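Per our numbering, the sequence shown runs over residues 2 to 139.
All C-beta atoms in this analysis are idealised placements derived from N, C-alpha and C, irrespective of residue type, glycine included.
Values in this document were obtained by computation on a predicted structure and should not be read as measured data.
Only one structure is covered here, and it is reproduced in the block below.
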Amino acid sequence: MGCERIDLDAADDRRDVVHRAVAALAGGRAVVAPGDHGALPLGLVHHPEALFGIPAMRGEAALILPSPESLRDWIPRLSARARRMIGRAWPGSTAFHFGASMLGGLAERLPRETRAMLVDEEGGITFRCPGHPFFREL
Numbered sequence: 002m003g004c005e006r007i008d009l010d011a012a013d014d015r016r017d018v019v020h021r022a023v024a025a026l027a028g029g030r031a032v033v034a035p036g037d038h039g040a041l042p043l044g045l046v047h048h049p050e051a052l053f054g055i056p057a058m059r060g061e062a063a064l065i066l067p068s069p070e071s072l073r074d075w076i077p078r079l080s081a082r083a084r085r086m087i088g089r090a091w092p093g094s095t096a097f098h099f100g101a102s103m104l105g106g107l108a109e110r111l112p113r114e115t116r117a118m119l120v121d122e123e124g125g126i127t128f129r130c131p132g133h134p135f136f137r138e139l
């Protein structure tokens with residue numbers, strides 16, 4: 002599977018780029034999009050094969066979420082205090098790592114190949130909610 006680079010600066014209409022990115026992701030391809038600290042390779046959790054060609058060490062990948070509220074689907078036992086702290090930091094460049102004992106919900110349903118890319122040696126997953134405007138449109 003190929004990887005499609007998203008060049009927002011070259012787009013006449015930003016919505017066209019967003020539609021191209023969504024189509025590529027839905028088709029099982031990877032997309033390189035702007036992140037808070039440079040280019041960010043993206044793939045859907047149900048198409049882990051899209052990211053196989055992108056060099057990444059096990060456990061260094063992060064699960065990108067569309068909003069702070071969506072973290073509850075992955076970490077259902079998150080305290081109100083933790084939700085408030087995360088809500089203040091996201092969207093933004095901060096990453097939050099949760100150990101295996103905190104994971105639940107959708108984290109338990111990840112395909113085996115996706116788990117191998119996202120889960121670190123201790124069984125934890127890192128989550129991000131980038132602040133770049135592209136992610137709000139995606």
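Exposed unless 16 or more other CB atoms sit within 10 angstroms - verdict on Gly106:
With fewer than 16 Cβ atoms within 10 Å of its Cβ, Gly106 is classed as exposed.
Using only the alpha-carbon positions, how far apart do Arg84 and Ala40 sit?
27 Å
In this structure, does DSSP put Ile87 in helix, strand or coil?
helix
Cβ atoms of Asp37 and Pro131: under 8 Å apart, would you say?
yes
Other residues of its chain near Leu104: CB distance less than 8 Å, five sequence neighbours each side excluded:
Trp75, Ile76, Gly124, Gly125, Ile126
Measure the alpha-carbon distance for Ala25 versus Val18 and round it to whole angstroms.
10 Å
So what does DSSP say about Glu109, is it helix, strand or coil?
helix
I'd like to confirm the pairing. Which residues does DSSP put opposite Val36 in its beta bridges?
With the sequence shown as reference, residue 36 is identified as Gly, and Val is not the correct amino acid for it. According to DSSP, Gly36 bridges with Gly39.
Determine the direct distance from the alpha carbon of His98 to that of Val33, and round the result to whole angstroms.
Straight through space, the alpha carbons of His98 and Val33 are spaced by roughly 23 Å.
Can you have a look at Val23 and say buried or exposed, based on whether 16 or more other CB atoms are within 10 angstroms of its CB?
It counts as exposed.
Please state whether the Cβ-Cβ distance between Gly29 and Glu50 is less than 8 Å.
Between Gly29 and Glu50, the C-beta spacing is below 8 Å.
Determine the burial state of Ala81: buried for a count of at least 16 other Cβ atoms within 10 Å of its Cβ, exposed for fewer.
exposed
Would you please state the rounded distance, in angstroms, between the beta carbons of Pro42 and His133? I believe it to be under 8 Å.
In fact, because the Cβ distance is near 14 Å, the residues do not count as touching under 8 Å.
Helix, strand or coil for His20 per DSSP?
If DSSP states are grouped into helix, strand and coil, His20 belongs with the helices.
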